[in-house]
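Engineer: Position one of the sequence shown corresponds to residue 11 (the working numbering), numbered consecutively onward. From the three backbone atoms N, C-alpha and C, an ideal C-beta is built for every residue, glycine too. Computed from a predicted structure; not experimentally measured. One structure, as C-alpha cells, below. Some questions next.
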Amino acid sequence: MVLAPPILLSSVAAAQAVASEIHGLLCERNRQGLPTVLGLATGRTMIAVYDALIALLVREPRDLSRLVTFNLDEYLGLEAGDSRSFRAFMQAALFGPLAIPSERTHFPDAQLAQRHPELAGEAYTTLIAGHGGIDLQLLGIGRNGHIAFNEPGSLPHQATRVVDLEARTREDAAAEFGGLDRVPQRAITLGLLEILGARRLRLLAFGSSKAPALQRMFAGPKDSRCPASFLVDHPDLRVYADGEALGRVAR
Ligand code: GLP
11 MVLAPPILLS
21 SVAAAQAVAS
31 EIHGLLCERN
41 RQGLPTVLGL
51 ATGRTMIAVY
61 DALIALLVRE
71 PRDLSRLVTF
81 NLDEYLGLEA
91 GDSRSFRAFM
101 QAALFGPLAI
111 PSERTHFPDA
121 QLAQRHPELA
131 GEAYTTLIAG
141 HGGIDLQLLG
151 IGRNGHIAFN
161 EPGSLPHQAT
171 RVVDLEARTR
181 EDAAAEFGGL
191 DRVPQRAITL
201 GLLEILGARR
211 LRLLAFGSSK
221 APALQRMFAG
231 PKDSRCPASF
241 LVDHPDLRVY
251 ADGEALGRVA
261 R
C-alpha cells in the first residue's frame with residue numbers, strides 16, 4: 011500500500027475540509043437511515059474542526075438524531091464533571107453547541123477504570139463494536155508521536171486500557187491544570203487496535219512542535235517509539251498539516 015503524502019493546508023482550511031467531510035458523511039448515513047459513528051479527539055488542534063463543523067451545521071442543518079460519538083480518552087483521578095475532563099472539553103467545544111444528548115456521547119469510564127481497569131477497557135471496546143465500529147476517527151498527535159494516549163511503547167494490537175502518561179505529555183497539559191504536579195499521572199485510552207479499526211482516519215497537526223513527530227511518522231521506522239508510525243498501514247488515512255508541521259517532512 012502506498013502511503014498518501016500529507017495534505018498541506020492551514021489549520022483553518024484543514025478544519026473546513028474535515029468538517030465538510032463529516033457533514034457529507036452525516037448526509038449520506040442519514041439518507042440510508044443509518045447512524046453516523048464518529049470517533050472524536052480533544053486538544054487545541056480539534057477546536058478549529060469543531061468550530062467549523064458547528065458553523066457548517068448552522069448554515070446547512072442536518073438531522074443529528076442518529077449521531078453517536080466515542081471519544082478517544084479520559085484522565086483518571088478527576089471527579090465526574092471536573093471542568094478539566096475531556097468530557098467537559100467536548101461539552102463546551104461541540105456537544106453543547108450542537109445539543110447532542112449525553113446518552114449518545116461516549117467516553118471510556120475513568121471512574122470504573124480506577125477500580126477495575128480491565129473491565130473499563132473491555133466495556134468500551136465492546137460498546138464501540140456494538141455500534142458497528144467507528145466510521146470516521148479524528149486524531150491529533152502528541153509531540154512524542156502519541157495517538158490518543160497511546161504513548162511510546164504502545165503496539166498496534168493493544169486495545170483500550172489504562173496507561174501512565176509520559177512527562178512530555180503531562181507538561182503539555184500543565185497549563186490547563188495550573189501546574190505539572192496537578193496533571194493526572196494516568197489515563198484510559200482507546201488502543202491502537204480500535205483506532206486502526208475505524209473506517210477512516212483523519213489526523214491533523216499544526217505548528218512546528220509537531221514537526222518531529224510527523225517526520226518520524228512518515229519517515230519511519232514503524233515501531234513503538236512513535237505510535238503514530240503504525241497508522242501508515244491504514245487503508246484510508248489522511249493527514250492534514252500546515253507548513254510548520256511539515257517543516258521536517260521530506261518533500
Ligand atoms: C492529548 C490527547 C491527544 C491529542 C494531543 C495533542 O494528548 N490525548 O488525543 O492528539 O493531546 O493535543 P493538541 O491538539 O492540544 O496539540
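1. From what residue to what residue does the alpha helix (DSSP H) around residue 133 run?
2. Put residue 110 into one of helix, strand or coil per three-state DSSP.
3. Taking the alpha-carbon of residue 145 as reference, which of 250, 78, 232, 71 has the nearest alpha-carbon?
4. Where do the N-terminal and C-terminal ends of the beta strand (DSSP E) with residue 81 fall, by residue?
5. For residue 252, count the other beta carbons within 10 Å of its own beta carbon; 16 or more makes it buried, fewer makes it exposed. Which is it?
6. Whose CA, out of 250, 241, 128, lies closest to the CA of residue 217?
7. Can you tell me which of 222, 201, 221, 213 puts its alpha carbon nearest to the alpha carbon of residue 14?
8. Does the region 59 to 75 touch the region 101 to 116, meaning 3 or more C-beta pairs lie closer than 8 Å?
9. Would you kindly check if the distance between the Cβ of residue 58 and the Cβ of residue 25 is under 8 Å?
10. Cβ of residue 100 within 7 Å of any heavy atom in the ligand GLP?
11. Measure the C-alpha to C-alpha separation of residue 20 and residue 126 and round it to an integer number of angstroms.
12. Just verifying my parser: in three-state terms, what is the DSSP assignment at residue 64?
13. Does residue 94 come out as helix, strand or coil in the three-state DSSP assignment?
14. Apart from the five residues on each side of it in sequence, which residues of its chain come closer than 6 Å, Cβ to Cβ, to residue 49?
15. Please list the terminal residues of the continuous alpha helix (DSSP H) segment that includes residue 23.
16. I'd like to know if the region 179 to 189 and the region 110 to 123 are in contact, where contact means that at least 3 CB-CB pairs between them fall below 8 Å.
Structural biologist: Based on what the coordinates show:
1. Segment 127 to 140, the alpha helix (DSSP H) holding residue 133.
2. Looking at residue 110 - three-state DSSP - the assignment turns out to be coil, as it is neither helix nor strand.
3. With respect to the C-alpha of residue 145, the residue from 250, 78, 232, 71 having the closest C-alpha is 78.
4. Per DSSP, the unbroken beta strand (DSSP E) holding residue 81 starts and ends at 77 to 81.
5. With 16 or more neighbouring CB atoms inside 10 Å of its own CB, residue 252 falls in the buried class.
6. The shortest Cα separation from residue 217 among 250, 241, 128 belongs to 250.
7. The shortest C-alpha separation from residue 14 is found at 213.
8. The region 101 to 116 and the region 59 to 75 touch, with no fewer than 3 CB-CB distances between them shorter than 8 Å.
9. A contact, by the Cβ cut-off of 8 Å.
10. No, Cβ of residue 100 sits at least 7 Å from all heavy atoms of the ligand GLP.
11. Distance between the alpha carbons of residue 20 and residue 126 is about 42 Å.
12. Correct three-state label for residue 64: helix.
13. Residue 94: coil per DSSP, three-state reduction.
14. 80, 144, 147, 208.
15. Start and end: 21 to 41.
16. No, because fewer than three Cβ pairs between the region 179 to 189 and the region 110 to 123 fall closer than 8 Å, the two stretches do not touch.
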